[in-house]
Structures are given as C-alpha cells and as structure tokens.
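Here the structure comes first, spelled out in structure tokens, and everything after it is commentary.
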C-alpha cells in the first residue's frame, strides 16, 4: 500500500467521530454464544475419544495400568506404533498390521475402478442417451440404495461363488461395485444432467459413438465429480469391515479385519497402546485423502459441469 | 449439392402436435431461413432434419436419399448451435478435429481442413486456446468453424447470433452470408429475428403454430404477404391492420376503414378474386409507406386525420403513433420532422396508391 493511502486511512480513522452515519459496532450476541457452545460440544464428541486414543498409543503399558486415561504420556514412546505396524498378531500370524495395509491397497484399486467405472457409464447413459425405461430403472436403483447390505449378503456370496471370485480381491471389488452403484449412479446421472443438451447434440452430429463421446467429451468434463466420488469411495472401501470379512479369503483380509483380529486376539493382557496405534494407523489413509483433496471435495459438490 | 425435402412431416409430443403435415422443399445451394415466433416449431423442424429427434410420421430426403431413419452423423450435415456448444475441455483445434477424427479422415487431411477453416474465419491465433478463454464472438466463429471443417453439403444454423451483441451480430451476419457465397452450400437457418431473415435468406419460410405460412423470397414476403400473420410478422414497426368493408360504388373498388373514419381507394390493386360490395376485409398499411404528416397534397389513396398519441425516436428512424378506435396506428416519420408532432395535435396523414394490402377478414388470406 502506498504511503498516501496509508495516510488517508489513518486520517479517516482519526475523524471517526465526524462520520455522518456511524454504524453500530457489532457485539457478539447471545445467540452466537449459544451456537458456539453447541458447536464446541459437537467437536468434543469427536475430539475427546480421539485424544484418548492418541495419548494411549504413546503411553507405555505401565502408565496405562495406572488407569488415568486422560493423562499425558510420561515420555514420548513410539514403541507401540512400531509393534502395531510390524509385529502385532492377527490370530497366529504376527506380521503386524502392515499385512492388512497392503491388502487394503490391493482391494482399494480394483474396487475403485470397478465401482466408479460402472456407475459413471451407467449415469452417463441414463442422463444423456435415450434409454427406454430410464426413469423406472432410476427409481429401482434408488430403492436399492435403501436395501440393507445384510439382507443380500448370503445371496451375494452365492453369486460371487458362481462367478468364481469369492474369496479373492475381485470378489470384494465386485461386491463394493454392486453396493456403491445405486448412490454413485444417481450422483453421476445428476451431474451429467447438468451438461447442456446442445453439447451432446453437437457430439451426436460429430461422432454419434457412445464410447467416443464418453471418452473424449464427457469424461474430461467429469473432473469435479470424480474427486467427490473418489473421496466417498476411498473412505467407504477403506473403512469397510463386513465386506472384507465376508468375501475376502485368508490372504485378502483388509486392514480393518486385521485390526479387529489384533484387538480381539491378544494373549494375556490387552496391549491398549498397540491397539490404539493400530486403530490410528488404519484410520490414517482416508484422513490424508481428506486433508489433500478436501478443498476439491467442496468445489466438486458445488460446481457444475461447465466452467466459465 | 443436394436438395432437402420434407414430406408430410408430423411431430407430436404426447397429445401436443408441434408440426402438422408439413411439406417443404429446399433447392440446391439455397439459404433458407425458418422464421417465426417462439414455439412455432422452427427449431423442432431443424432438429428433425439434423436427426436429433425423430419424426412421428413423414419422410425427410437429402439429395434424393431418404435419411429419416439415419443417425445424425450419417446425414451429411453440420450444425451451429445457439449456445455454440463447444466442447469445454478441448482446445479450439480439438473442437474442430473431433468430428473429423470421428469420420476417420487421415491426419494430413484433418490438418489441411483445420488450417483452411481457421484462415477463413481468422481464428488461427486461437487454435490452442480453450473455449473458456474466448469471447462470445470468438466462440461463435469457432462454432462455425467446427461445422465448416466437415465440408458437408448442408449446414444447419440454430439461432446462432442471438447471444451476440448488436454490432457483432451485424458483422457475423455478413460473415455467414459471405461463407454461403463462397461455399455455395445449402443452408437452413433458424431465427426469430426478421432482420437476419431478410438480409441473409434466398427464401424465407415463415412458420406459425407448426404450419408454414409462406415460403418465398424476402422481397415477396414483404411486398406480397400471403396472409395476415405474415403481414403482421414481417416489418418493423408492424403493419397497421384495420377491419374494412368493400365498396364497389361507381365501378371503382374501395374499402371503408372502420375506426379511422376514412376510405381507401383500391384502384389498381391486383385482386386474386374480384371483390364484391359489402365484403368484410382486413386492410394492411405499412408505417413506412405513409406520406410525411401534414403534407398530403396531391393524389393519395387515403387520407386520415388523427390525434398524436406519442412519438418514438431511435436515431435514424422515428415513428409517430396515432390514436384510432382500433388501437394505435404507427406511421414512420422522418426523424427531422418528428418534433413537429405534439401529443394531442391532430395531424393529416396520406397513404399513397399501390401500397395497400387487403386480406380476407374470415380466413386471413390475401385477396
């Protein structure tokens, strides 16, 4: 800022009393205080347990036995984290939670590709092509979003068995794709409905090919919604326990299942610090995704297909 | 260059009939404008030709080939859209290229055509930009370029100028006309702007309520409107239309105008069928044909003396509105003299011979 502008600012501040129509200073109101208190309580609901988990994971077992769960650790001690990652026991296998981490990654990518790919193309077809009974199909899909997974669990086991993917990573991926399809298809369909009809008409006159239009025109316009769906799916696939437990084989158990085994199957005393560290390690990847992509998430939800 | 034929086209949406048994033949190399008010079915007709929607019944032929059931891309057409509809994630070059690549043209030919269109439309410096980085006029040129590179025999334009400002619209109008002169392609152009229609078209198809009212040259629709709708739609300010009764007293046909207390001489009017005494007709008088106010000496077809309601001046043009018992009568006045007309003053107006239009009062057809 130039010195003249600064001077004029100072000047205007000094003649505050002579301002023609002074505005009342805004004080914090009772209502705002109430809202702040409410929000603080809400935040505490999440923060207090998180605090306990973090401090416990850094304590030694000696300190944990004292029973004061809110106390800070006597000394910073990452032994529990190393044990959790490398040596904790899931059943009789003591290779740490890293086995689950690798498995989860191996599950994540096929599941993402399958679920997003399937619903993205379905949404594109429903939104932009003349599909007979499209609305009825959407309605059925919408109803399916409300069917609890536990109801279709056993039939799905039979179906994946029939497809010869039961107990493999692809089995888990197929189930993830099926379960995510209703809601993801609706999201993609609504997003693609926002694409101007004329762009689609132009593409129809230029090419007319379902896949070429999808690949060259529509998919490149999907960046925003892809990030939203990616975050939703990474979180739900990573945090999933039941599908991984039910459809995964012995070698394909995701991190959550390994975590449960680690916590459940301690021999002798429960190693709370190792358990907490394992839980935190398991929770980290979606957290990182949120921190990195969170900004785009909000953008993606609010932005339409066309910029500028 | 093919001709385009619509035969017995019907288009219905549920119970709503948009086009009723429509026939239209467009000759080789013509610039046909489909003109009409909103909802008259002109865009529907264009989309039917493009293949973007299907006809309910009827047949469309391009160059003697039945294309009614062909996909849009197989019809040999290119289209320019109102909102330009550029692919937002592709560069200008990518936009031009998409249709060519889809048509599996070899690479050198694609480049040659893009270079040709870019030069023709002066968009060479823009080729590597995205549509979001272009101004409205530039986007419009790219949209036209995307159609041009396909080098098809028939081009379709769907109100391509309506999103441009007035100056750019005039420039682009001339541009499109020039492109038509250079390429000699058949062009079907939809608009609701009669200036565009009058300046560009070789023939205008004026549509209303799904029916083509008149299909003729711009001069003909202005000078010999086929019915009351065309008469009222073409021309700005709109034609003054008054109910009247034919009188053949003394063997000289004339019409007694209701509401303005005047009689107009119809001598020399080329009646399609001879008028009879007492026939109810509608008489149309174009505002721009009136003589200057208060200078009505000499031989005129009709004289009026009416009070001034208000006046309008828009730079080069000025219009006086006179009160009658049948609404206002618009009269074009030289802008230098519009100041002489004061509200409430009674002015003498004269209408010359040979400029009047007479329509059947019942059916609205030209007599």
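Protein chains in written order, with the numbering used here: chain D, 869 to 1176; chain F, 11 to 377. Glycine is no exception: its CB is placed at the ideal position from the N, C-alpha and C atoms. Quantities reported herein were computed from a predicted structural model and do not represent experimental measurements.
Looking at the unbroken beta strand (DSSP E) that takes in residue 251 of chain F, where does it start and where does it end?
250 to 257
Helix, strand or coil at residue 276 of chain F [DSSP, three-state]:
coil
Which runs of the alpha helix (DSSP H) fall wholly inside the stretch 312 to 351 of chain F and span at least 4 residues, in chain order?
none
Cross-chain neighbours of residue 1084 of chain D in chain F, by beta carbon under 7 Å
108
Would you say residue 1071 of chain D faces chain F, with C-beta separation under 9 Å as the test?
yes
Given residue 247 of chain F, which residues of its chain have a CB within under 8 Å of its CB, disregarding the five upstream and five downstream residues?
297, 329, 340 and 342
Along chain B, in chain order, which residues have C-beta atoms closer than 8 Å to that of residue 83 of chain F?
The structure shown contains no chain B; the protein chains it does contain are D and F.
Look up residue 35 of chain F in the DSSP assignment and give the residues it is bridged to.
F/15
According to DSSP, which residues form a beta bridge with residue 226 of chain F?
F/214
In chain D, which residues lie with their C-beta within 7 Å of the C-beta of residue 99 of chain F?
1088 and 1089
List the residues of chain F whose Cβ lies closer than 8 Å to the Cβ of residue 1093 of chain D, in chain order.
Here the premise fails: no neighbours, minimum Cβ distance about 14 Å.
Please list, in chain order, the chain F residues whose beta carbon lies closer than 7 Å to that of residue 1064 of chain D.
93 and 95
Under 7 Å Cβ-Cβ, which residues of chain D neighbour residue 60 of chain F?
1073
Using a cut-off of 7 Å between C-beta atoms, extract the partners of residue 112 of chain F located in chain D.
1074, 1075, 1077 and 1080
Spell out whether any CB of chain D is found under 9 Å from the CB atom of residue 361 of chain F.
no
Taking 9 Å as the CB-CB limit, is residue 88 of chain F close to chain D?
yes
Nonlocal neighbours in the same chain, by C-beta distance under 6 Å from residue 1035 of chain D, ignoring five residues either side:
1117
Applying the criterion that 16 or more other CB atoms from any shown protein chain within 10 Å of the CB defines a buried residue, is residue 1166 of chain D buried or exposed?
exposed
Which class does residue 367 of chain F belong to by DSSP, given the choice of helix, strand or coil?
strand
Counting only beta-carbon atoms, is residue 52 of chain F nearer than 9 Å to chain D?
no
With 9 Å as the threshold, decide whether the Cβ of residue 151 of chain F is near any Cβ in chain D.
no
Counterpart residues of residue 292 of chain F in DSSP-defined beta bridges:
F/253 and F/369
Residue 288 of chain F versus residue 233 of chain F - alpha carbon distance
26 Å
Can you find a C-beta in chain D that's less than 9 Å from the C-beta of residue 139 of chain F?
no
Are there 16 or more other CB atoms within 10 angstroms of the CB of residue 138 of chain F, so buried, or fewer, so exposed?
exposed
Where residue 870 of chain D sits in the DSSP three-state scheme:
Here residue 870 of chain D scores only 47 on pLDDT, less than 50, and its place in the model should not be relied on; the value that follows carries that caveat. Three-state result, residue 870 of chain D: coil.
Here's the rule I'm using: 16 or more other beta-carbon atoms within 10 Å means buried, otherwise exposed. How should residue 869 of chain D be labelled?
For residue 869 of chain D, the pLDDT reaches just 41, beneath the cut-off of 50, and the residue's location in the model is therefore unreliable, although a value from the coordinates is still provided. Answer is exposed; the Cβ neighbour count stays below 16.
Relative to the C-alpha of residue 1002 of chain D, which candidate in D/978, D/964 and D/1054 has its C-alpha closest?
D/1054
Comparing the C-beta of residue 173 of chain F with each C-beta of chain D, is any distance below 9 Å?
no
Which class does residue 269 of chain F belong to by DSSP, given the choice of helix, strand or coil?
coil
Residue 1073 of chain D classed as buried or exposed, judged by whether at least 16 other C-beta atoms fall within 10 angstroms:
buried
Check whether the Cβ of residue 21 of chain F lies closer than 9 Å to any Cβ atom in chain D.
no
Among F/117, F/165, F/218 and F/189, whose alpha-carbon lies nearest the alpha-carbon of residue 51 of chain F?
F/218
Which word fits residue 1106 of chain D, buried or exposed, when buried means at least 16 other C-beta atoms lie within 10 angstroms of its C-beta?
buried
Excluding the 5 residues preceding and the 5 following residue 318 of chain F in the sequence, name in chain order all residues of the same chain whose CB lies nearer than 7 Å to its CB.
330, 332, 351, 352, 353, 354, 355 and 357
Along the chain, where does the beta strand (DSSP E) that runs through residue 164 of chain F open and close?
164 to 168
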